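In our numbering, the protein residues as written are 75 to 118.
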(Lines of atoms letter the chains of each structure in order from A; the text may use other names.)
(Lines give C-alpha, C1' and ligand atoms only; values in the text may rest on other atoms or scores of the structure.)
Protein backbone atom coordinates (compact mmCIF):
# COMPACT_ATOMS: atom_id res chain seq x y z
CA UNK A 75 0.00 0.00 0.00
CA UNK A 76 1.20 3.51 -0.76
CA UNK A 77 -0.12 6.42 1.29
CA UNK A 78 0.32 9.98 0.03
CA UNK A 79 -0.81 13.11 1.84
CA UNK A 80 -0.78 16.54 0.24
CA UNK A 81 -1.79 19.78 1.93
CA UNK A 82 -1.36 23.33 0.70
CA UNK A 83 -1.67 24.98 4.13
CA UNK A 84 1.78 26.12 5.18
CA UNK A 85 2.94 25.73 8.78
CA UNK A 86 3.72 29.37 9.57
CA UNK A 87 5.16 28.67 13.03
CA UNK A 88 8.16 26.89 11.54
CA UNK A 89 11.48 28.30 12.72
CA UNK A 90 13.31 29.29 9.55
CA UNK A 91 16.59 28.19 11.14
CA UNK A 92 15.79 24.64 9.97
CA UNK A 93 17.38 25.41 6.58
CA UNK A 94 20.76 25.53 8.31
CA UNK A 95 20.34 21.97 9.57
CA UNK A 96 18.36 20.20 6.82
CA UNK A 97 18.73 20.02 3.04
CA UNK A 98 15.03 20.44 2.40
CA UNK A 99 11.69 20.62 4.19
CA UNK A 100 10.12 18.21 1.69
CA UNK A 101 9.63 14.85 3.41
CA UNK A 102 12.77 15.20 5.55
CA UNK A 103 11.77 17.77 8.18
CA UNK A 104 11.61 16.04 11.58
CA UNK A 105 8.36 16.11 13.56
CA UNK A 106 10.22 17.77 16.43
CA UNK A 107 9.71 21.10 14.63
CA UNK A 108 5.92 20.74 14.97
CA UNK A 109 4.30 22.52 17.93
CA UNK A 110 0.96 20.83 18.78
CA UNK A 111 -0.44 24.02 20.32
CA UNK A 112 0.31 26.02 17.16
CA UNK A 113 -1.15 23.22 15.04
CA UNK A 114 -4.35 23.16 17.10
CA UNK A 115 -4.81 26.90 16.59
CA UNK A 116 -4.38 26.48 12.83
CA UNK A 117 -6.73 23.57 12.33
CA UNK A 118 -9.42 24.07 15.00
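The beta-carbon is built from N, C-alpha and C at its ideal position, and this holds for glycine as well. Predicted model only: the values in this text are computed from it and were never measured.
Helix, strand or coil at residue i [DSSP, three-state]
i, result
"residue 114", "helix"
"residue 92", "helix"
"residue 79", "coil"
8 Å contact criterion, which residue i and residue j should meet: CB distance rounded
i, j, result
"residue 92", "residue 107", "6 Å"
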